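Undergrad: Would you mind keeping the following structure in view while I ask a few things?
Residue numbers (the UniProt record's numbering): 1 to 563.
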């Protein structure tokens, strides 16, 4: 690039800048800009997107600080955008002041960039002051303000501006709707989201992936999976985000089989290649279905097509193998990952804990600390689960107490639940009861229900009656306390109390929901519900169950006689 030192024309300068931006601006500040003797106005629209796509806003600011050229409106807008992306308010204000001195106060796209920056940094008054001083704000200005209010959790103001935009006769485009749709984030906003969705349909914007992806996200957050599916199939040219959003939504709402079906549809379309988010979502669905067949097939495909797997995909594979019962495969994969992160350790500890490999889980936990990774609250759920399933009660109590004392992590409901389960399995029911009473979230039905189940396991009627009474005080319309208490009485031969508990259940009008289980057979998932005899091969199932029960009873008799 040394030839630029001799003579640079406007055309040559722009061409050089265009070429350098393709190379990532590695040499522009030191080579090209320093040799410009004549200050001409460069229109740098080509290089601003390059910095965006390369994620180098710091580089853009560095170029701005070193360039000998008189900045023009395009450069100001680009550098202010860079400041906004970094939340660099001080530098942004300096550039703002510089632009005012240069006479760019009323240039629309400079003002719009300033709006975005101040809104992103939470300075609403400054942003609104600029917005109010614009004689005729365009759609971009409105969009910047609406987006800012959405990001800063002020939905009412965002909606007001959106309505004002319509009243002013401004054409609301896809960016306008994406900005205002960002306001809808929970179930209370569902009707607002539906109303905005209807408007996009009228304007023909709903079939674009840009708008459709946001609509799917909103419906997913609001719990409307049917609407998510409807929007998904209405998008004409789906991108990878469209597919990912729908797959994750299906899994989130428990329809893991549909998540796999959608993934197969994506593969058959042969238009969009799945990315790491897609793979993680599908592997999660395989894990929840305990479908090791589909999960291992995907793993084999990944080994052939992607020699260097993303850490997120590796973690999803560990989770899949662990939940499918292949704990040795999960552990082998875990040890093969060179760049293990906290999620890797948490997933492995949880998997080992759920399979009763408590000592191995605790060894992994110690290894994690040796490598300098600090545990988080999820880590301790895995550690406490491991202690619970392996009967390591004293170790579990030490780890529970160390959460706050050593790591500054306040125990939450999930940790208390693990602790109560651990103490309940060990028969230390009074200790578990005391721990529940110690915490402000001790009124949780699941925790008390877990303790009542432990009372039944250990035939402890005294504690069981207290716990059942507490449960019925918290929510008298739940059937489980009556059923568990009845079973507890039955185990102790108190048949009059059994009849009384059943009578109380019947009198309360509460119905017991039947339990169910699912198994994978030849690639398909079959659901069995208690009391349901509608399966076409139910007679064979009952015959095999009878054989298994007989064999189990014989085995128990042999164990009893040998001991």
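In this text, a Cβ means the ideal position worked out from N, Cα and C, and glycines have one as well. This structure is a prediction, so every number in the text was calculated from the model and none was measured.
Measuring only from the beta carbon, is residue 245 closer than 8 Å to any heavy atom that is part of the ligand COA?
TA: The ligand COA is not among the ligands present in this structure, which contains no ligands whatsoever.
Undergrad: Please classify residue 25: is it buried, with 16 or more other beta-carbons within 10 angstroms of its beta-carbon, or exposed?
TA: Walking along the chain shown from the start, residue 25 turns up at place 25. Because residue 25 carries a pLDDT of 37, less than 50, the predicted location of this residue cannot be relied on, and the following value inherits that uncertainty. Under this definition residue 25 is a buried residue.
Undergrad: Shortest alpha-carbon distance to residue 154 belongs to which of 137, 132, 123?
TA: Mapped onto the chain shown, residue 154 falls at position 154. Measuring from the Cα of residue 154, the nearest candidate turns out to be 123.
Undergrad: Per DSSP, what kind of secondary structure is residue 207 in: helix, strand or coil?
TA: Numbered from its first residue, the chain shown carries residue 207 at position 207. Coil at residue 207, not helix or strand.
Undergrad: Among 281, 272, 269, 368, which has the Cα closest to the Cα of residue 259?
TA: Within the chain shown, numbered from 1, the residue matching residue 259 stands at position 259. Residue 259 has its Cα closest to that of 281, out of 281, 272, 269, 368.
Undergrad: Do you know offhand how far residue 166's Cα is from residue 234's?
TA: If you number the chain shown from 1, residue 166 lands on position 166. If you number the chain shown from 1, residue 234 lands on position 234. Distance between the alpha carbons of residue 166 and residue 234: 25 Å.
Undergrad: Closer than 8 Å by C-beta to residue 369: which residues in its own chain qualify, once you throw out the five before and the five after it? Chain order, please.
TA: Numbered from 1 along the chain shown, position 369 holds the residue referred to as residue 369. Closer than 8 Å at Cβ, skipping near neighbours: 375.
Undergrad: Can you give, in chain order, each stretch of the alpha helix (DSSP H) that sits fully within the stretch 204-266 and has at least 4 residues?
TA: Segments of the alpha helix (DSSP H) lying fully in the stretch 204-266: 209-221, 225-234, 240-252.
Undergrad: Assuming residue 380 and residue 403 are in contact, meaning their beta carbons sit under 8 Å apart, how far apart are those beta carbons, in whole angstroms?
TA: Looking up residue 380 in the chain shown gives position 380. Looking up residue 403 in the chain shown gives position 403. Indeed, because the Cβ distance is near 6 Å, the residues count as touching under 8 Å.
Undergrad: Does the beta carbon of residue 282 come closer than 9 Å to any beta carbon on chain B?
TA: The structure shown has no chain B; it contains just one protein chain.
Undergrad: Can you check whether the CB of residue 311 is closer than 9 Å to the CB of residue 336?
TA: Mapped onto the chain shown, residue 336 falls at position 336. Mapped onto the chain shown, residue 311 falls at position 311. Not a contact, by the Cβ cut-off of 9 Å.
Undergrad: Decide yes or no for the touch test of the stretch 316-326 against the stretch 287-298: beta carbon pairs closer than 8 Å, at least 3 of them.
TA: Contact holds: three or more Cβ-Cβ distances are below 8 Å.
Undergrad: How long is the line joining the alpha carbons of residue 334 and residue 353, rounded to whole angstroms?
TA: Sequence index remark: in the chain shown, residue 334 carries index 334 (1-based). Sequence index remark: in the chain shown, residue 353 carries index 353 (1-based). About 15 Å.
Undergrad: Taking the alpha carbon of residue 413 as the reference point, which residue from 421, 161, 111 has its own alpha carbon closest?
TA: Here residue 413 corresponds to residue number 413 of the chain shown, with the count starting at 1. Here the closest residue by C-alpha is 421.
Undergrad: Using only alpha-carbon positions, find the residue among 86, 178, 427, 457 that is nearest to residue 118.
TA: Here residue 118 is taken as the residue at index 118 of the chain shown, counted from 1. Answer by Cα proximity: 86.
Undergrad: Roughly how many angstroms lie between the CA atoms of residue 463 and residue 409, to the nearest whole one?
TA: Here residue 463 refers to the residue found at position 463 of the chain shown. Here residue 409 refers to the residue found at position 409 of the chain shown. Their backbone Cα atoms lie some 30 Å apart in a straight line.
Undergrad: Within the UniProt repeat "PPR" (138-172), note down every full alpha helix (DSSP H) run reaching 4 residues or more, in order along the chain.
TA: Correct list: 139-151, 155-167.
Undergrad: On the criterion of 16 or more Cβ atoms from any shown chain inside 10 Å, does residue 371 qualify as buried, or is it exposed?
TA: Taking the first residue of the chain shown as 1, we reach residue 371 at position 371. By the neighbour-count rule (16 or more Cβ atoms within 10 Å), residue 371 is not buried but exposed.
Undergrad: Alpha carbon to alpha carbon, what distance is there between residue 378 and residue 264?
TA: For the purposes of this step, residue 264 is taken as residue 264 along the chain shown, with counting starting at 1. For the purposes of this step, residue 378 is taken as residue 378 along the chain shown, with counting starting at 1. Each residue's alpha carbon lies about 32 Å from the other.
Undergrad: Does residue 495 pass the burial test, meaning 16 or more other C-beta atoms within 10 Å, or should it be called exposed?
TA: Working through the chain shown from its first residue, we reach residue 495 at position 495. Counting Cβ neighbours within 10 Å, residue 495 comes out exposed, since fewer than 16 surround it.
Undergrad: In this structure, does DSSP put residue 551 in helix, strand or coil?
TA: As a first step, residue 551 must be located in the chain shown, where it is residue number 551. The answer is helix: DSSP assigns residue 551 an H, G or I state.
Undergrad: Can you tell me which of the three DSSP states residue 92 falls into?
TA: On the chain shown, residue 92 is found 92 positions in, with the first residue counted as 1. Helix at residue 92.
Undergrad: Roughly how far, in whole angstroms, is the beta-carbon of residue 76 from the beta-carbon of residue 110, given that I think they are within contact range, below 8 Å?
TA: In the chain shown, counting from the first residue as 1, residue 76 sits at position 76. In the chain shown, counting from the first residue as 1, residue 110 sits at position 110. Yes, residue 76 and residue 110 are in contact; Cβ-Cβ is about 5 Å, under 8 Å.
Undergrad: What residue ranges within the stretch 357-416 form continuous beta strand (DSSP E) runs of no fewer than 3 residues, ordered along the chain?
TA: Within the stretch 357-416, no complete beta strand (DSSP E) run reaches 3 residues.
Undergrad: Return the chain-ordered list of same chain residues with a C-beta closer than 6 Å to the C-beta of residue 49, the five sequence neighbours on each side being excluded.
TA: The residue labelled residue 49 in the question sits at position 49 within the chain shown. Because residue 49 carries a pLDDT of 38, less than 50, the predicted location of this residue cannot be relied on, and no value is offered for it.
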